[in-house]
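Comments concern the structure below.
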Amino acid sequence: MSRTIGLRRNAALLLTVFALLVPITSCASRPSSNEQSNSGNDSASAFPVKVELSGRQSVTLTEQPKRIVSLSPTATEVLYEIGAGEQVVAVDKNSDHPERAPRKEFSALDTSASAVSEYRPDLVIAQAGSADSLAEGLREIDVPVLLTPSAENLQDSYDQIKAVGRATGHGERATETVNRMRSQLDEVVERTPEPRGELTYYHEISPDHFTATSESFVGSVYRKFGLTNIADSAGEGKFPQLSAEKILRANPDVIFLADTGSAGVTKEKVSQRAGWNSLTAVREGRIHELDEDIASRWGPRVVELARAVSEAVDAAQQS
Amino acid sequence: MGELRAGPAVTDGSSGAPERGARPRRNTLRPVHVLCGLAVLVALTLLSVLIGAADLGWQRVLAEIGAQLTGGRSPLSEREAAILWQLRVPRVVLAALVGAALAVSGAAFQGVFRNPLADPYLLGAAAGAGLGVTVVVTTMPQVDLGSTGLAQVAAFGGALGGVGLTWLIGRSAGSDTATLVLAGVAVGAFLTAAQTFVQQLRVESLQRVYMWILGNLSTSGWDEVLVVLPTSALAAVVLCACSRLLDLLGTGDEEASALGVRPGRVRALVLVAASLATASAVSVAGLIGFVGLVVPHLVRLTAGGSYRVIVPLSLLFGGSFLVGGDMLARTVMAPAELPIGVVTAFTGAPFFALLLRTNRAR
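Protein chains in written order, with the numbering used here: chain E, 15 to 333; chain V, 252 to 613.
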């Protein structure tokens, strides 16, 4: 029976890794952003600075970091957006935006503290959950680590951008970025007509029908447009798996595909799924392919996600 | 099913399963067992079709089935009919096919290796198939696992490779079955490690591989049924036809040879057929453990120890076991779904332990 036990152990390991990869870990605690020492300009006088996120272990930086390693694709996007790009010496292999980021062949899941330390970082930013043990190792060799939890709503995202700003000495630009995001989002929402009656949607994360409820970050974006999520009544948690029966039964008006990348799901493939041609969204051609990266990160490009949603709502109203 | 009638009586082999105690080996397939197996399968299938994530109402589903049979007016809307005929029914059929394929190959492996612990998992077949599918998943992410034959070809290649490797190592190390099973454990561990290695090369595909490993019938349709049906039916026919030969092998290679059977050829044929059945099941439904080990034993404990009984009844009860398991998977945590592999282990293991205990006590 040892073979079976081995398989089970393997599965348990994978379960753990999966749980870390797609952060289902419910963080009950709100991010308690540290607003002190942020009002002034970002010269050397802003340091030392103590940054804390979501009740995580705080990180104290005595001076402005000059060699930053990012192991979080969202953090990488934030770093370049707020003008900290020149300080970045290495990013993980999943950090594909912006193009010029110095991408290395490792990720938080498959690298070690010593491999990261070869870049002589004075700040490492990584995602809470997937990089916890790595962070422990780095702290042991006195490398400051900022662990960023996955955002649950837009406010979390704003807090995180500001925290990254404070930690890197770009607090002002970070605040500007947040303000710009806020106003751009408001503008997009404002010019999108409110749905007449209920407009339901299904947001697909993987071909086996994992989805996100309104409690998730991406769900909070849809909510701004007054859309109704078919998964909200379906189950607990932020990322439930729906059965195909349930989706057909719910008959969503609009389908958003966030599994267009590695899983290669397309409009055409969805239309050909067994029984799906009976869905309103399929018949009316209301399937929208989203950029998988934009739909799964909570950085400044969330505005682009909002624009895609806006277009979809607009189109649904006209048909 | 001509091969299933009672042949010349086979003397009770010394290597037979010990749990049979002093009871004589029954080597004829009794109609009552077949009828019983069919009744359970049909009842569970019908029940499974009535229950689902989308509540269609069991009376309306029955009315719909009646309408389809008699050509009457359908009580369901087009979308509800799609739910029933394009999602639910193929899923139930697929569960029956996969369960039957896994159970019958488990029975065959136990016969070939004269070891009651042998199953697709112990001999490297499932691990090999798993490696094959994982390579396809990770290197060709655009491929739909179920509906293309590619995953199945990879699974079959892997399964055959796994069993073949076990066979080669076991033979060179010694000819007894214990050596072979040990070789299977080593090969299985190696292939599983290889699978993990391949997964790590592409962490992005981890989720798909993971979902698939725990077993999954949730996205299946008629395409998957069409992929599994021909190969597993072929394998089942071959294995049922070989069941008398499996009994002969049970008496020992020398006796079998004396009766005009070539043990090596029989083993090779049965292994290929069982690997094919395992591979077709694994390629569409993932690694669903326990069915291949437990179902043949349930049959052995209740209906008799001859492979002419075990092999065909494993088909029926394996199908029932997985249809029932899938029904639980869909309903226990509804609307969420449990991976079917978890359900089979959770329900199968205690039930099996209970049966083993009462059987021993008798």
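For glycine and all other residues, C-beta sits at the position ideal for the given N, C-alpha and C.
From E:L123, E:P221, E:A326, pick the residue whose C-alpha is nearest to that of E:T214; which is it?
-> It is E:A326 whose Cα lies nearest to the Cα of E:T214.
Determine the direct distance from the alpha carbon of E:E218 to that of E:T182, and round the result to whole angstroms.
-> If I take the Cα positions, the gap works out to 35 Å.
Own chain, CB closer than 6 Å to V:I420, minus 5 neighbours either side, in chain order = Hits under 6 Å: A434.
Are the beta-carbon atoms belonging to E:E166 and E:P314 less than 8 Å from one another?
-> Cβ distance not < 8 Å, so E:E166 and E:P314 don't count as in contact.
E:S257, buried or exposed, once every other Cβ within 10 Å from all chains shown has been counted against 16 | E:S257 counts as buried, since no fewer than 16 other beta carbons sit within 10 angstroms of its beta carbon.
Identify, in the order they occur along the chain, each residue of the same chain with its Cβ nearer than 6 Å to the Cβ of E:V316, setting aside the five sequence neighbours on each side.
-> Cβ neighbours of E:V316 beyond the five flanking positions: none.
Look at the alpha carbon of E:F120 and the alpha carbon of E:L160, and state the distance between them as a whole number of angstroms.
-> Roughly 18 Å between the two C-alpha positions.
Using a Cβ cut-off of 7 Å, pull out every chain E residue sitting near V:A437, in sequence order please.
-> Simply none; closest approach about 10 Å.
In three-state DSSP terms, what is E:A330?
-> The three-state reading of DSSP puts E:A330 in helix, counting H, G and I together.
Going by DSSP, name the residue or residues bridged to E:H302.
-> In the DSSP assignment, E:H302 is bridged to E:F270.
State the start and end residues of the unbroken beta strand (DSSP E) segment that holds E:A165.
-> E:A165: not part of any beta strand (DSSP E); DSSP gives it neither H nor E.
Please list, in chain order, all residues of the same chain as E:I269 whose beta carbon is under 6 Å from its beta carbon, the five residues on each side excluded.
-> For E:I269, where only same-chain residues beyond five positions count, the Cβ hits under 6 Å are Y216, A295, I301.
Please state whether DSSP places E:E218 in a helix, a strand or coil.
-> For E:E218, the three-state secondary structure derived from DSSP is strand.
Is it buried or exposed for E:S147, if we count other Cβ within 10 angstroms and need 16 for buried?
-> Counting the other Cβ atoms within 10 Å of the Cβ of E:S147 gives fewer than 16, which makes it exposed.
Selection of the stretch 466-477 of chain V by Cβ proximity to chain E, strictly under 7 Å | For the stretch 466-477 of chain V, the set of positions with a beta-carbon nearer than 7 Å to some beta-carbon of chain E reads N467, S469, T470, G472, W473 in chain order.
Within 7 Å: the Cβ of V:V449 and any heavy atom of the ligand ADP?
-> The ligand ADP is not part of the structure shown, which contains no ligands of any sort.
Assuming V:A525 contacts V:A346 under a Cβ cut-off of 8 Å, what Cβ separation, rounded to an integer in Å, is found between them?
-> That pair is no contact at about 20 Å.
Quick one: using the 10 Å Cβ neighbour count with 16 as the cut-off for buried, is V:A509 buried or exposed?
-> The C-beta of V:A509 has fewer than 16 other C-beta atoms within 10 Å across all chains shown, which makes the residue exposed.
Shortest alpha-carbon distance to E:Y172 belongs to which of E:L199, E:D156, E:P79?
-> Of the candidates E:L199, E:D156, E:P79, the one whose C-alpha sits nearest the C-alpha of E:Y172 is E:L199.
Name, please, each residue of chain V whose Cβ falls closer than 7 Å to the Cβ of E:G289.
-> Result: A333, I334, Q337, L338.
CA-to-CA distance, E:L241 to E:Q331, given in whole angstroms | The alpha-carbon atoms of E:Q331 and E:L241 are separated by roughly 12 Å.
Check the DSSP bridge columns for V:V388 and list the partner residues they point to.
-> In the DSSP output, where bridge partners are listed per residue, V:V388 has none listed.
Using a Cβ-Cβ cut-off of less than 8 Å, give me the residues of the stretch 600-611 of chain V that come near chain C, in sequence order.
-> In the structure shown, chain C cannot be found, because the protein chains are E and V.
What number of angstroms, rounded off, separates the C-alpha of E:E259 from the C-alpha of V:H284?
-> Inter-residue distance for E:E259 and V:H284 is about 35 Å (C-alpha atoms, whole angstroms).
May I have the straight-line CA-CA distance separating V:L552 from V:L607, to the nearest angstrom?
-> Roughly 8 Å separates the two Cα atoms.
Opposing strand residues paired with E:K64 [DSSP bridges] = The beta-bridge partner set that DSSP reports for E:K64 consists of E:T74.
Evaluate V:Q337 with the Cβ neighbour count: other Cβ atoms within 10 Å of its Cβ, from every protein chain shown; 16 or more gives buried, anything less gives exposed.
-> Its Cβ being crowded by 16 or more others within 10 Å, V:Q337 is buried.
Comparing the C-beta of E:N243 with each C-beta of chain V, is any distance below 8 Å?
-> Not one chain V Cβ lies under 8 Å of E:N243.
Straight-line gap, E:A277 to E:P266 (C-alpha atoms, nearest Å) | For E:A277 and E:P266, the distance between alpha carbons rounds to 22 Å.
From V:V550 to E:E303, what distance separates their C-alpha atoms?
-> For V:V550 and E:E303, the distance between alpha carbons rounds to 50 Å.
In this structure, does DSSP put E:V138 in helix, strand or coil?
-> It is a strand residue.
So, helix, strand or coil for E:I82, using DSSP?
-> Three-state result, E:I82: strand.
For E:Q160, which of helix, strand or coil comes out of DSSP?
-> A small fix is needed here, since residue 160 of chain E is Leu in this sequence, not Gln. In this structure, E:L160 counts as strand in the three-state DSSP scheme.
Start-to-end residues for the beta strand (DSSP E) that takes in V:V583 | From DSSP, V:V583 is part of no beta strand (DSSP E); its letter is neither H nor E.
For chain V, find out if any of its Cβ atoms is closer than 8 Å to the Cβ of E:P221; answer yes or no.
-> So, interface residue.
Report yes or no: is there a C-beta of chain V within less than 8 Å of the C-beta of E:E229?
-> False, the Cβ-Cβ gap to chain V never drops below 8 Å.
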